[in-house]
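Q:
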Amino acid sequence: DPASSIEELTAQRDQARKDHADLVARGLKLDLTRGKPSPKQLDLSDALLDMGGPAVGADGTDLRNYGGLAGLPELREIFSSSLQVPTEQLLAAGNSSLELMHDAIAFAMLHGLPGGERRWADEPEIAFLCPVPGYDRHFGVCEKLGIEMINVPMTPEGPDMDTVERLVAEDSRIKGIWCVPKYSNPDGTIYSDETVRRLAAMPSAAPDFRVFWDNAYAVHHLTETEHEIADLLALCAEHGNPDRAFVFGSTSKITYAGAGVSFFGSSQANIDWWLAATSKRSIGPNKVNQLQHVRLLRDAEGLREQMRKHAALIRPKFEAVDKILGSELGDTGLASWSKPEGGYFINLEVPEGCAKAVVAKAKEAGIAMTPAGATHPYGEDPTDSVIRIAPTYPELPDVEAATQALATCVRLAATEKLLADQQG
Ligand code: PMP
3 DPASSIEELT AQRDQARKDH ADLVARGLKL DLTRGKPSPK QLDLSDALLD
53 MGGPAVGADG TDLRNYGGLA GLPELREIFS SSLQVPTEQL LAAGNSSLEL
103 MHDAIAFAML HGLPGGERRW ADEPEIAFLC PVPGYDRHFG VCEKLGIEMI
153 NVPMTPEGPD MDTVERLVAE DSRIKGIWCV PKYSNPDGTI YSDETVRRLA
203 AMPSAAPDFR VFWDNAYAVH HLTETEHEIA DLLALCAEHG NPDRAFVFGS
253 TSKITYAGAG VSFFGSSQAN IDWWLAATSK RSIGPNKVNQ LQHVRLLRDA
303 EGLREQMRKH AALIRPKFEA VDKILGSELG DTGLASWSKP EGGYFINLEV
353 PEGCAKAVVA KAKEAGIAMT PAGATHPYGE DPTDSVIRIA PTYPELPDVE
403 AATQALATCV RLAATEKLLA DQQG
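Per full-length UniProt numbering, residue 3 is the first one in the sequence shown, and the count goes up by one each step.
1) Suppose the cutoff is 7 angstroms on Cβ atoms and the five residues either side in sequence are ignored; what does the same chain contact list for residue 341 look like?
2) Compute the Euclidean distance between the alpha carbons of residue 109 and residue 274, then round it to the nearest angstrom.
3) Could you tell me if the beta carbon of residue 84 falls within a distance shorter than 7 angstroms of some heavy atom in the ligand HEM?
4) Kindly give me the distance between the Cβ atoms of residue 246 and residue 213, rounded to whole angstroms, as I take these residues to be in contact under 8 angstroms.
5) Is it buried or exposed for residue 112, if we count other Cβ within 10 angstroms and need 16 for buried?
6) Do residue 247 and the ligand PMP come close, with the Cβ less than 7 angstroms from some heavy atom?
7) Quick one: grab the DSSP three-state call for residue 94.
8) State yes or no: is the C-beta of residue 143 nearer than 7 angstroms to some heavy atom of the ligand PMP?
9) Give the single residue among 135, 11 and 130 whose Cα lies nearest to the Cα of residue 385.
10) Can we say the stretch 204-218 touches the stretch 236-256, given the rule of at least three CB pairs closer than 8 angstroms?
11) Locate the beta strand (DSSP E) running through residue 388, then write down its first and last residues.
12) Which partner residues of residue 187 appear in the DSSP bridge assignment?
13) Thinking C-alpha only, which one of 102, 19 and 57 is nearest residue 283?
14) Quick check on residue 140: buried or exposed, where buried means 16 or more other Cβ atoms within 10 Å of its Cβ?
15) Tell me whether residue 272, by its Cβ, gets closer than 7 angstroms to a heavy atom of the ligand PMP.
16) Around the Cβ of residue 422, are there at least 16 other Cβ atoms within 10 angstroms (buried) or fewer (exposed)?
17) Which residues mark the beginning and the end of the alpha helix (DSSP H) in which residue 83 is found?
18) Let me confirm a value: residue 360 is counted as buried when at least 16 other C-beta atoms fall within 10 Å, else exposed. Which label applies?
19) Can you look up residue 38 in the DSSP assignment and give me helix, strand or coil?
20) Look at residue 263 and residue 97 and say whether their C-beta atoms are less than 8 angstroms apart.
21) So, does the stretch 10-23 touch the stretch 404-421, judging by three or more C-beta pairs under 8 angstroms?
22) Is the stretch 369-380 in contact with the stretch 297-304, if contact means three or more CB pairs nearer than 8 angstroms?
23) Of all the options 339, 398, 311 and 400, which has the alpha carbon lying nearest to the alpha carbon of residue 45?
24) What ranges does the alpha helix (DSSP H) occupy inside the stretch 169-227, keeping only unbroken runs of at least 4 residues that lie completely in it?
25) Spatial neighbours of residue 162 within its chain, please: C-beta separation below 7 angstroms, excluding the five flanking residues on both sides.
26) The ligand PMP and residue 59: does the residue's C-beta get closer than 7 angstroms to at least one heavy atom of that ligand?
27) Following the continuous beta strand (DSSP E) through residue 156, name the residue where it begins and the one where it ends.
28) Between the Cα of residue 55 and those of 394, 316, 294 and 207, spot the shortest distance and give me the residue it belongs to.
29) Quick one, are the C-beta atoms of residue 313 and residue 224 less than 8 angstroms apart?
30) Is DSSP giving residue 136 helix, strand or coil here?
31) Using the three-state DSSP reduction, which class does residue 244 fall into: helix, strand or coil?
32) CB of residue 288 to nearest heavy atom of the ligand PMP: below 7 angstroms?
33) Do the stretch 403-412 and the stretch 320-335 touch if we need at least three Cβ pairs shorter than 8 angstroms?
34) Compare the Cα-Cα distances from residue 203 to each of 174, 234 and 32 and report the closest residue.
35) Run through the stretch 229-301 for me and flag every whole alpha helix (DSSP H) of 4 or more residues, listed as ranges in chain order.
36) Is there contact here, the stretch 352-359 with the stretch 384-398, by at least three beta-carbon pairs under 8 angstroms?
Written out as structure tokens, the structure is:
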């Protein structure tokens with residue numbers, strides 16, 4: 003009956019208050035905020051620092067010199083199959099794929115896109131669909147460049163395609179959609195083949211609509227199963243929308259996060275457009291670093307081997323978070339969380355209206371969490387229920403201590419909220 007449940011909740015809250023006070027007294031200083039590789043993961047790629055031979059490409063090109071705007075062919079070849087882009091249509095660029103996503107939009111603003119009627123800068127209004135929860139830096143690019151963002155809910159199969167199809171067909175302001183199709187940030191979702199097919203096939207009101215396919219975690223498996231997704235680029239061509247896919251990827255979480263290589267893949271028409279725009283911007287990328295990546299990874303099999311080493315280092319951290327949340331919160335009904343099979347994040351869902359309070363209580367206890375709301379456009383999660391956990395960077399004992407502490411904060415914030423609701 004309600005009286006005993008209030009009594010029970012009150013007891014739970016009082017215990018949580020005590021646990022939280024103990025936690026604050028311990029003066030922890032831990033950080034679960036950003037999806038960064040740990041120093042041990044970075045160590046896996048330290049061969050990058052030794053040149054290991056002359057800076058000469060497979061075809062004899064002196065890579066120390068200018069040129070080669072498309073990037074080193076032998077590196078593009080290694081990533082062609084995992085990014086599902088033919089080598090000729092896959093460019094290797096600088097150290098950041100986020101930069102390429104930003105530039106793709108900036109070039110569309112300044113020059114217009116193949117198939118477009120005018121430059122995006124000359125459109126009265128531009129909007130992007132943003133599956134939520136999603137990646138805060140995608141939303142930051144849109145906000146900075148004045149693009150309105152429209153939330154679309156995620157499902158276990160990817161974005162809710164009924165909503166996506168309806169909006170894209172009827173609203174010509176919508177020029178793009180952000181997608182992290184494999185092990186998505188933050189919920190770990192793997193897009194189903196049907197979702198990918200529908201994204202490729204759906205009619206769009208805007209003739210220059212693009213799918214921003216940020217395959218940042220294409221090879222970042224946490225289990226033995228190397229999940230594969232459908233080939234968006236090929237499906238777009240098959241369904242008469244050959245220029246729809248903009249594919250992005252990088253080695254940021256394969257080699258060095260700050261000194262890797264990024265990739266852009268698309269139709270030949272889009273690649274020609276990209277090269278025309280970038281040829282005035284640069285005389286060519288850092289091909290010496292690209293050669294170092296070829297020497298480190300060797301081929302697609304070498305890339306798989308490297309990713310298995312990463313998985314061995316970070317899987318225990320993901321398992322620890324799951325185990326601790328399970329034992330602390332599993333039967334309380336106060337939280338649910340994702341069990342990703344790849345990628346860098348765990349998505350924690352707490353009762354509506356609690357996420358900000360959980361993060362604030364964690365801060366009091368010295369645990370830095372990604373701000374609640376960061377997973378949504380404009381930093382606003384309308385349900386205030388989503389918290390992103392990034393367990394890769396801290397050492398395992400710190401991941402364990404931080405998760406334990408976080409669970410206490412969930413118990414405290416959620417019981418306080420539920421009691422407040424019940425007492426009206
Ligand atoms: N896309 C996604 C989905 C990410 O999670 C991240 C890194 N957190 C990036 C892009 C950043 O990529 P890069 O380092 O290549 O700029």
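Just so you know, even glycine gets a beta-carbon here, dropped at the ideal spot from N, CA and C. Note that this is a predicted model, so its numbers are computed, not measured.
A: For this structure:
1) Here the question's residue 341 lines up with position 339 in the sequence shown. Closer than 7 angstroms at Cβ, skipping near neighbours: 324.
2) Within the sequence shown, numbered from 1, the residue matching residue 109 stands at position 107. Within the sequence shown, numbered from 1, the residue matching residue 274 stands at position 272. Rounded to the nearest angstrom, the two C-alpha atoms are 13 angstroms apart.
3) With respect to the ligand HEM, the structure offers nothing, as its ligand set consists of the ligand PMP.
4) Sequence index remark: in the sequence shown, residue 246 carries index 244 (1-based). Sequence index remark: in the sequence shown, residue 213 carries index 211 (1-based). The pair is a contact, with the Cβ atoms about 6 angstroms apart (cut-off 8 angstroms).
5) Position 110 of the sequence shown, counted from the start, is the residue given in the question as residue 112. Exposed, since its Cβ has fewer than 16 Cβ neighbours within 10 Å.
6) Locating residue 247 in the sequence shown gives position 245, counting from the first residue. No; taking the cut-off as 7 angstroms, the Cβ of residue 247 has no heavy atom of the ligand PMP nearer than that.
7) By one-based count along the sequence shown, residue 94 stands at place 92. If DSSP states are grouped into helix, strand and coil, residue 94 belongs with the strands.
8) In the sequence shown, counting from the first residue as 1, residue 143 sits at position 141. Taking non-hydrogen atoms of the ligand PMP into account, the C-beta of residue 143 is found less than 7 angstroms away from none of them.
9) As a working note, residue 385 is residue 383 in the sequence shown. Of 135, 11 and 130, the residue nearest in Cα terms is 135.
10) These segments touch.
11) Here residue 388 corresponds to residue number 386 of the sequence shown, with the count starting at 1. It spans 388-391 - the beta strand (DSSP E) in which residue 388 sits, taken as one unbroken run.
12) To locate residue 187, count along the sequence shown from 1; it is residue 185. Residue 187 is bridged by DSSP to nothing; it lacks a bridge partner.
13) In the sequence shown, residue 283 corresponds to position 281, counting from 1. Among 102, 19 and 57, the Cα nearest to that of residue 283 is on 102.
14) Numbered from 1 along the sequence shown, position 138 holds the residue referred to as residue 140. Buried.
15) For the purposes of this step, residue 272 is taken as the residue at position 270 of the sequence shown. Relative to the ligand PMP, even the nearest heavy atom lies 7 angstroms or more away from the CB of residue 272.
16) Residue numbering aside, residue 422 sits at position 420 when the sequence shown is read from its first letter. By the neighbour-count rule (16 or more Cβ atoms within 10 Å), residue 422 is not buried but exposed.
17) To locate residue 83, count along the sequence shown from 1; it is residue 81. Segment 75-85, the alpha helix (DSSP H) holding residue 83.
18) By one-based count along the sequence shown, residue 360 stands at place 358. The Cβ neighbour count for residue 360, taken over all protein chains shown within 10 Å, is at least 16; the residue is labelled buried.
19) Counted from its first residue, the sequence shown places residue 38 at position 36. Look at residue 38 here: in three-state DSSP terms it is coil, with no helix or strand label.
20) By 1-based counting over the sequence shown, the position of residue 263 is 261. By 1-based counting over the sequence shown, the position of residue 97 is 95. Annotated as proximal: residue 263 and residue 97, with beta-carbon spacing under 8 angstroms.
21) Contact holds between the stretch 10-23 and the stretch 404-421, because three or more Cβ pairs, one in each stretch, are under 8 angstroms apart.
22) When C-beta atoms of the stretch 369-380 are compared with those of the stretch 297-304, fewer than three pairs fall below 8 angstroms, so the two segments do not count as touching.
23) Numbered from 1 along the sequence shown, position 43 holds the residue referred to as residue 45. Checked all of 339, 398, 311 and 400; the closest Cα to residue 45 is 311.
24) 195-203, all fully within the stretch 169-227.
25) As a position in the sequence shown, residue 162 is number 160, starting the count at 1. For residue 162, same chain residues with a beta-carbon under 7 angstroms away, outside a window of 5 residues either side, are 154 and 155 in chain order.
26) Locating residue 59 in the sequence shown gives position 57, counting from the first residue. Flag unset: Cβ of residue 59 not near the ligand PMP.
27) Within the sequence shown, the letter at position 154 stands for residue 156. Per DSSP, residue 156 belongs to the beta strand (DSSP E) from 150-157.
28) For this step, residue 55 is matched to residue 53 along the sequence shown. For residue 55, the nearest C-alpha among the options comes from 294.
29) One-based indexing of the sequence shown puts residue 313 at position 311. One-based indexing of the sequence shown puts residue 224 at position 222. Contact: yes.
30) Residue mapping note: residue 136 aligns to position 134 of the sequence shown, counting from 1. If DSSP states are grouped into helix, strand and coil, residue 136 belongs with coil.
31) Within the sequence shown, numbered from 1, the residue matching residue 244 stands at position 242. It is coil, neither helix nor strand.
32) Here the question's residue 288 lines up with position 286 in the sequence shown. It does not: the Cβ of residue 288 is nowhere closer than 7 angstroms to a heavy atom of the ligand PMP.
33) When Cβ pairs closer than 8 angstroms are counted between the two stretches, the stretch 403-412 is seen to touch the stretch 320-335, the count reaching three or more.
34) Numbered from its first residue, the sequence shown carries residue 203 at position 201. With respect to the C-alpha of residue 203, the residue from 174, 234 and 32 having the closest C-alpha is 234.
35) As far as the stretch 229-301 is concerned, its whole alpha helix (DSSP H) runs of at least 4 residues are 234-240, 270-280 and 289-299.
36) Segments in contact, yes.
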